[in-house]
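S.K.: In this note's numbering, the protein residues as written are 196 to 331.
The structure is given below, and queries will be raised subsequently.
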């Protein structure tokens with residue numbers, strides 16, 4: 196602090212990416228790791244209920260959905276091919292089993308990838324997370 200003004204460059208602590216991404220994957224606040232980041236299935240809270248960190252700056256938008264599609268597609272396509280070649284199941288059975296598996300994997304990954312994307316933005320001080328206003 197000089198002349199009554201706050202120097203944010205010296206007061207901002209380093210935000211390590213690895214722990215932030217792990218906390219985001221676990222859907223908790225990337226700052227404290229205690230407060231829940233999401234309210235419901237995919238709605239990001241405005242503030243962390245434990246430490247008060249502002250989370251409303253996030254702009255995850257369609258990123259988690261694209262990553263979910265990318266990951267599920269790359270995991271399921273070779274497994275479907277392997278299962279079809281190895282076991283030659285009835286196409287209706289194959290579609291049913293892998294349809295259920297695809298939906299289940301997508302529902303599992305989507306909120307976790309959203310949490311990780313918000314945590315990435317927080318750690319890299321993107322979209323207003325680094326403007327010094329920190330806790331709201």
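Yeah, the Cβ is synthetic: ideal placement off N, Cα and C, and Gly gets one too.
Note that this is a predicted model, so its numbers are computed, not measured.
How many angstroms separate the CA atom of residue 220 from the CA atom of residue 301?
M.R.: If you take the alpha carbons of residue 220 and residue 301, they lie about 14 Å apart.
S.K.: List the residues that DSSP assigns as beta-bridge partners of residue 298.
M.R.: Partner(s): none; residue 298 has no beta bridge.
S.K.: Cutting at 7 Å between CB atoms, please list the residues of its own chain near residue 263, excluding the five before and the five after it.
M.R.: Counting only Cβ-Cβ distances below 7 Å, and skipping sequence neighbours, we find 301, 304, 305, 308.
S.K.: Among 259, 297, 209, whose alpha-carbon lies nearest the alpha-carbon of residue 311?
M.R.: Of the listed residues, the one whose Cα sits closest to residue 311 is 259.
S.K.: Does the Cβ-Cβ distance between residue 248 and residue 226 come in under 8 Å?
M.R.: Contact: yes.
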